[in-house]
Amino acid sequence: MQAKVSPVFQLFESQHQEAKALFLVLGKQIKSKKAIELLGKMDFLELYADLMAKVHFQVEGLNFDIFKDFKEMKKILRKIHHFKLAEKSLNDRELKLGIKYNGYRIHLDKYKKQLYTEAFDLMVGSTLKSWDDFHQKAQTASKGIKPLTINTAVNQIIQEELEFFQLDKKGSMDSKALKDTFEGLRTIIMLENLLIYLGFNPIFIDSIHEEIAALKDNLKPWYSNQLSLQSLTHFLRDKPEAGKKYLDWLKELKEQKTSLASQAEKQAHQLFDKILG
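Using the numbering used here, you'd call the opening residue of the sequence shown number 74 and step up by one each time.
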C-alpha cells in the first residue's frame, strides 16, 4: 500500500507552482517586484525544507537538505530586495528635500546593473529540472507523515527560535540581534499558520500574535534604515571629502537608527517577557 502524502504538501505545492512561474518570468527579464515576490515564496519553501529535515532527522541526519540547490538564488534575490530599499530611501530623500544626490544615484545605478546581470545569468543558467527535482524530493519527504509528527517538528523549530530569543532577553540588542528577531518572528508566523492549516491550535494566543505582528511590522523601518545606512556608508567610504548634504543625511540616518533600534528593543523585551516567562 502506497503511503499517503501529508496534507501539508498542498501548501508546498501551491507555493512551488507560484515560485516556478515567477522564476520563468525572471528568466526573460529581471524585474524587482517579481524578484521580491519570488523571495517571499522562497522563504516559505526553505522553511518547508527545514520542516522536512526535522521530520526525517532520525533517519537522514544533517545531510537532508532538499533546498540546497536554491540557496544561491535566494541570496541574489535578497540582494535585490536590499537594493530596492536603499533606492527607495534615496528617492524619498530627494523628493522630501528637493535636491539631487547624483553621485550616489550613479553609484546605485552601477551596482544595480551588476546585480541584475548576475541575477539574470543565474536564472538563465538554472533549469526547470531543478524545480521538478525539488518538487519530487518534497513530495517523497511528505509521504507517510502523520499530522502529529508535523506538529512536533513545528514545535521543535519554534522552540529553537525561542531559544535564540532567550539569549537576547536580558542584554541590549545589537543590529544582528534585531535582524535575527525579525527573521525569527517571520518564521514563527509562517509555522503558526501552518499549524492552523492542519487543524491544530496555534502555540500562542491571539493577543501574543498581535504583538508578534506589531513588532515585526515595527522592525521593518529599522531594517530599511539599517540597509540605507550601510549602502550610503559604503558609498562615502572612498570619498574623504563628501559634501555637506551627504554628511547631513548620514547623521540623520544614524540618529534614526538609534531611535528605531531603541523602540524595537523595548518592544522586543516586552514580548520576550510574555512568551519566554
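Even for Gly, the Cβ is constructed at its ideal location relative to N, Cα and C.
Everything numeric in this text was worked out from a predicted model, so none of it was measured.
Taking all protein chains shown into account, H180 has 16 or more neighbouring C-beta atoms within 10 Å of its C-beta and is therefore buried. Beta bridge pairing from DSSP links V78 with K216.
Annotation: D346 to Q239 spans about 9 Å, alpha carbon to alpha carbon. Within the model, the alpha-carbon separation for D205 versus L168 is close to 45 Å.
The Cβ-Cβ distance between L320 and I285 does not fall below 8 Å. For Q299, the enclosing alpha helix (DSSP H) has its first and last residue at 279-309. Taking a contact as a CB-CB distance under 8 Å, the pair L150 and L120 does not count as one, their CB atoms being some 15 Å apart.
Burial state of I269 is exposed, judged by a 10 Å Cβ sphere holding fewer than 16 other Cβ atoms. Y184 and K252 have their alpha carbons spaced roughly 24 Å apart. Restricting attention to alpha helix (DSSP H) runs no shorter than 4 residues, the stretch 155-222 encloses them at 175-198, 201-214, ordered along the chain. Taken atom to atom, the span from the alpha-carbon of S105 to that of F117 is near 19 Å.
Closest option to T331, judged by alpha-carbon separation, among L292, A122, F82, I230: L292. CA-CA distance, P275 to R178, rounds to 46 Å.
A distance below 8 Å between beta-carbons, with the five flanking residues on each side excluded, links K327 to the following residues of its chain, in chain order: L302. For D346, the secondary structure class from DSSP, reduced to helix, strand or coil, is helix. Contact between the stretch 187-206 and the stretch 216-236 is absent, with fewer than three C-beta pairs closer than 8 Å. Assigned with DSSP and collapsed to three states, S332 falls in helix. For D116, the uninterrupted alpha helix (DSSP H) segment begins and ends at 105-128.
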